[in-house]
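Protein chains: 2
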Amino acid sequence: MTRDVPSSAWTSLGDYLRETQLLGSIQSTLYWDQNTRMPSGGAAWRGEQLALLARQLHARQSCERYAALIGEARQAWQASSEQTSEAERLAQARNLDLLEQELHRQQALDPDLVSAIAVAKSEGYECWQQAKAASAFDQFAPSLKRMVALRQEQARQLAEPRSCWETLAQPFEPDLTLARLQELFAPLRQRLPELLGQLQGGPRPTALSWDLEAATQQDLCDQLLKCWGRDESITCVAASPHPFSITLGPRDFRITTRVVAGQPLSCFLATAHEWGHSLYEQGLPPSSHQWFAWPLGQATSMAVHESQSLFWENRVARSQPFAEHWWPRFAAAGAPIANAIDLWRAMNPMAPGCNRVEADELSYGLHILIRTDLELALLEQGLEVEALPSEWNRRYGELLGVTPADDAEGCLQDVHWSEGLFGYFPSYLLGHLISAQISEAMETAIGAPEEHVRRDDLQPVLSWLREAVHPIGRALNAEQLVASVTGRPLSSEPFLRYLESKIERLLALS
Amino acid sequence: MTRDVPSSAWTSLGDYLRETQLLGSIQSTLYWDQNTRMPSGGAAWRGEQLALLARQLHARQSCERYAALIGEARQAWQASSEQTSEAERLAQARNLDLLEQELHRQQALDPDLVSAIAVAKSEGYECWQQAKAASAFDQFAPSLKRMVALRQEQARQLAEPRSCWETLAQPFEPDLTLARLQELFAPLRQRLPELLGQLQGGPRPTALSWDLEAATQQDLCDQLLKCWGRDESITCVAASPHPFSITLGPRDFRITTRVVAGQPLSCFLATAHEWGHSLYEQGLPPSSHQWFAWPLGQATSMAVHESQSLFWENRVARSQPFAEHWWPRFAAAGAPIANAIDLWRAMNPMAPGCNRVEADELSYGLHILIRTDLELALLEQGLEVEALPSEWNRRYGELLGVTPADDAEGCLQDVHWSEGLFGYFPSYLLGHLISAQISEAMETAIGAPEEHVRRDDLQPVLSWLREAVHPIGRALNAEQLVASVTGRPLSSEPFLRYLESKIERLLALS
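So the sequences go chain by chain: R and B. Mapping the first sequence onto the numbering used here, position 167 (from 1) lands on 1426, and the numbers just tick up by one. Mapping the second sequence onto the numbering used here, position 22 (from 1) lands on 1281, and the numbers just tick up by one.
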């Protein structure tokens, strides 16, 4: 940061951003509590609290004073050309570009809409929980319909040169276009069903017929995080209906998991997954770093976030060498696991089901393609909300060969749409692509992740990620980050290569 | 509320108060999380979050706009004499009086001081936790010294015609004077040590030599709350280092407990206690009531609050008929309890110890007298913070005949001073007095609480409290409430009568 006179503009803007981040983290704390502790009766008031904070945040991020602070910082930047290095000037410019973009978006939105969306998110979440418990989509449909309308209105007010869905996807995948997404997904649309057919031709592993006590699962999760170096003084683990990771402060990282009856590995793999998210957040610029409260201190996209969670879940916890180290612990916990192959096979059922979160790496992509197509249809192609359950079930039958027993197992399974998070699901699949492509780069740099797992020393893996990926923040967008780390544009090939190799090895077991 | 033109001033003020309450409840949610979930590393950022909210709240409660809203409401009140009933006018006037009093207090405080106190509370709490864990008062002394100085400065800025301690006690006990407090405490200063001596002359019950698993204690607590009609959709129970009750929304009531090794009844009695607090909050005017966000919708004093928690802990859970119903449950849980007398005796050890929260009803008052004298000495009589441990231990030796093993068991045992809550402790003992006096009034009205416990039907007890005590809010201050409910001024006699009778019955067992 420059220390001459214009730098006071940078300091003022930085202080302002820090206070915005404080407010945002208060909002996150309310969200955390809502999902982990709050009694259901608290929902309406929590909705009012969140709406109040949303109004405050929107006001802070769209007001004249903030615009002036950014303007003054831009002027300071233009005046500081001789005092700062080129790299620093570029970083400053990137920060300003991102702040200006976000400011324009906030200014484009009617405060009443912002408030209405905050209330609808909170009420929608509560409504979804009840509708899911009752497996009654009808109960949820009015909420969802209202949320679709509010988000469509949001896209209209933003008036970007993008389609409605593209506009809504920007917060999750900055700069992503629908055309680029379809280009990346096209090989998957073709190849994933083929691979599924290949598996279904051969002998198929059956679903697990055993289970573990909740406390036993929790103990295995505790062991996992201990092995992976969890620092209890800055992390916290709780239970919630839907696992998530959230950061409440520069030294306050939280994850949640859940125990699913009949799915003894679900909690364990969810823990690995959410911990991967948390590691990315823990590796972002710390509060002592100059860009901590600036865009460059933030996660660059949900797909990159997901690539980090998927890395720890799939490349580490579902790997064969991991099973070699861990099968004795599962056996000791009472699981009918007699050797590494038993555990590896259990970790990789490669059997399509109705549930996205419990899905294996192969069928996962199909869950996402269905959601992507359906939210595009809801937002841009006039699909009626009422038709969602039947459209959902039809696609599951066609692509995965399964039929949800009810709406709870079908189109009510995910929380996202209840909070109006349209444009979010594709990030999960993009995360698979990015994780695979980054893993290939890691292999070139320090050896394959599986080899580090085999040596039971993940420190080099984490160190490499902490250098190559985590601290970049929003200095690069997702595709730029991938190109920078791997030397190639993002593509679906590394993911398909990885999948094919794994399926081949799994089939060879039989 | 009047519906004519001036009533818009009432509506505007009510809306404003509601938003203030939203912000306050957000602050409470952060406090709840800090005590039940937050990793220790989150403390500094949480302190900044709380300081930000404290600044916002202080600004809202001291700004010109708020003063104008109150002024307009006062004018509307003066103009509305013909449209409203006398009772309603009196309630409106009481609301305005209390709002004006609080406004003047807020306006008297420097915003920097408000912010500094918020930071010092958060840091002090964290520091106290660590110092207590290490039993090292030296680690905590600088925080405490700073907090004493900040609170003395607060009293100076408030500049009320009251002493420093009296000024700081006002938020907990509105209208209480030190002279009145000493008048109420004088009979206790004389009589409690005499009663203790009487007990020590006779055969003494020894401390419990058994314990129960944490999960078993939790199960008994769950049974208790179920018996007492807990509605899980509006209540939540968690663990924290120090038990407390807090309200996060009109339908979101939380309590915490803790398991203390070697004290198998501690968690159970703390649950009863905190539930009593929560019942009072649950009985305050609901969000549909016109006074919900107004002073008349709030708890009137900490002593009244404490009277409600002590009622359920002491008059119900520690009563002999309660032991008659509950001893089989404790026996089934593995406690060495063979009959009602065993449980009743275990619930009422009447053996002085070092710990306030675990104290019996007799020695509890002595714990409070010591704290009251010490905080008066710290704030008004120049006692050095460094001398606190030795002064503490000396008084415990003199009054209770016990010596804390270390500072953790001594002057570090309570959280209050770490957060600068001076003037709070006396409310606990006043709560005993109020509970006893209200219990006598209850006996006259519907029969003694113990008789309802014997019939295993507490509904009449709760209904009576919900009519006579809970909904009054701040319409009456603590002493007015007692006088109104019992027909007599508050006195220590009912409490001493109750204690003497109980001790006599306990001694008769031997």
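Glycine included, every Cβ here is placed at the ideal spot set by N, Cα and C.
Coarse secondary structure for residue i, derived from DSSP in three states
| i | result |
| --- | --- |
| GLY1706 of chain R | coil |
| ALA1519 of chain R | According to the sequence displayed, residue 1519 of chain R carries Val and not Ala. Strand at VAL1519 of chain R. |
| PRO1545 of chain B | coil |
| THR1261 of chain R | The pLDDT assigned to THR1261 of chain R is 39, lower than 50, so where the model puts this residue is not dependable, and the model offers no usable value. |
| MET1561 of chain B | helix |
| LEU1524 of chain B | coil |
| VAL1661 of chain R | coil |
| VAL1644 of chain R | helix |
| HIS1501 of chain R | coil |
| GLU1651 of chain R | According to the sequence displayed, residue 1651 of chain R carries Trp and not Glu. In the structure shown, TRP1651 of chain R sits in a helix (DSSP, three-state: H, G or I). |
| PRO1580 of chain R | helix |
| SER1769 of chain B | coil |
| VAL1378 of chain R | helix |
| GLY1593 of chain R | coil |
| PRO1753 of chain R | helix |
| VAL1373 of chain R | helix |
| VAL1616 of chain R | coil |
| SER1468 of chain B | coil |
Burial state of residue i, where buried means 16 or more other Cβ atoms lie within 10 Å
| i | result |
| --- | --- |
| GLY1273 of chain B | buried |
| SER1560 of chain B | buried |
| ASP1666 of chain R | buried |
| SER1698 of chain B | buried |
| ALA1734 of chain R | buried |
| SER1649 of chain B | exposed |
| TRP1469 of chain R | exposed |
| LEU1349 of chain R | exposed |
| ALA1346 of chain B | exposed |
| LEU1765 of chain R | buried |
| LYS1761 of chain R | buried |
| PRO1420 of chain R | exposed |
| ARG1653 of chain R | exposed |
| ASN1598 of chain R | exposed |
| THR1261 of chain B | Only weak support exists for where THR1261 of chain B lies, its pLDDT of 39 falling under 50; the value from the coordinates is given anyway. With 16 or more other Cβ atoms within 10 Å, it is buried. |
| SER1492 of chain B | exposed |
Span of the beta strand (DSSP E), counted from its first residue to its last, around residue i
| i | result |
| --- | --- |
| THR1511 of chain R | Looking at the sequence provided, one finds Asp at residue 1511 of chain R rather than Thr. From DSSP, the beta strand (DSSP E) with ASP1511 of chain R extends over 1511-1516. |
| ILE1505 of chain R | 1504-1508 |
| CYS1495 of chain B | 1494-1498 |
Among the options, the one whose alpha carbon lies nearest that of residue i
| i | options | result |
| --- | --- | --- |
| GLU1738 of chain B | B:GLU1425, B:LEU1443, B:GLU1763, B:ASP1292 | B:LEU1443 |
| GLU1620 of chain B | B:ALA1727, B:PRO1595, B:LEU1689 | B:LEU1689 |
| TYR1757 of chain B | B:ALA1704, B:PHE1527, B:PRO1708, B:ALA1367 | B:PRO1708 |
| ILE1505 of chain B | B:PRO1748, B:ASP1292, B:LEU1479 | B:ASP1292 |
| PRO1730 of chain R | R:PRO1554, R:LEU1749, R:ALA1498 | R:PRO1554 |
| ALA1613 of chain R | R:ILE1629, R:ALA1646, R:HIS1317, R:ALA1395 | Checking the sequence, you will find Cys at residue 1613 of chain R rather than Ala. Selected option, being the one with the closest Cα: R:ILE1629. |
The alpha helix (DSSP H) enclosing residue i, as first and last residue numbers
| i | result |
| --- | --- |
| TYR1325 of chain B | 1323-1338 |
| GLY1273 of chain B | 1266-1295 |
| VAL1741 of chain B | 1737-1745 |
| SER1402 of chain R | 1396-1417 |
| ALA1350 of chain R | 1345-1367 |
| THR1631 of chain B | 1620-1639 |
| ARG1725 of chain B | 1718-1727 |
| ASP1601 of chain R | 1599-1606 |
| ASP1478 of chain R | 1473-1486 |
| TRP1550 of chain R | Here TRP1550 of chain R belongs to no alpha helix (DSSP H), and DSSP marks it neither H nor E. |
| TRP1424 of chain B | 1423-1428 |
(request) Taking a Cβ distance cut-off of 7 Å, strictly less, list which residues of the stretch 1550-1565 of chain R are near chain B, in chain order. (result) Listed by position along the chain: nothing, the set is empty.
(request) Below 9 Å between beta carbons is the criterion; list the residues of the stretch 1484-1513 of chain B that meet it against any residue of chain R, in chain order. (result) Correct list: ASP1490, GLU1491, SER1492, ILE1493, THR1494, CYS1495, ALA1497, LEU1507, GLY1508, PRO1509, ARG1510, ASP1511, PHE1512, ARG1513.
(request) Residues of the stretch 1290-1313 of chain R with a CB closer than 8 Å to any CB of chain B: list them in chain order, please. (result) From the stretch 1290-1313 of chain R, only TRP1291, ASP1292, THR1295, ARG1296, MET1297, PRO1298, SER1299, GLY1300, GLY1301, ALA1303, TRP1304, ARG1305, GLU1307, GLN1308, LEU1311, LEU1312 have a Cβ closer than 8 Å to chain B.
(message) Give me the subset of the stretch 1333-1361 of chain R whose CB atoms are less than 8 Å from a CB atom of chain B, sorted by chain position.
(response) So nothing in the stretch comes that close.
(message) Please identify, using Cβ separations under 8 Å, the residues of the stretch 1273-1290 of chain R that lie next to chain B, in order along the chain.
(response) Those would be GLU1278, LEU1281, LEU1282, SER1284, ILE1285, THR1288, LEU1289, in chain order.
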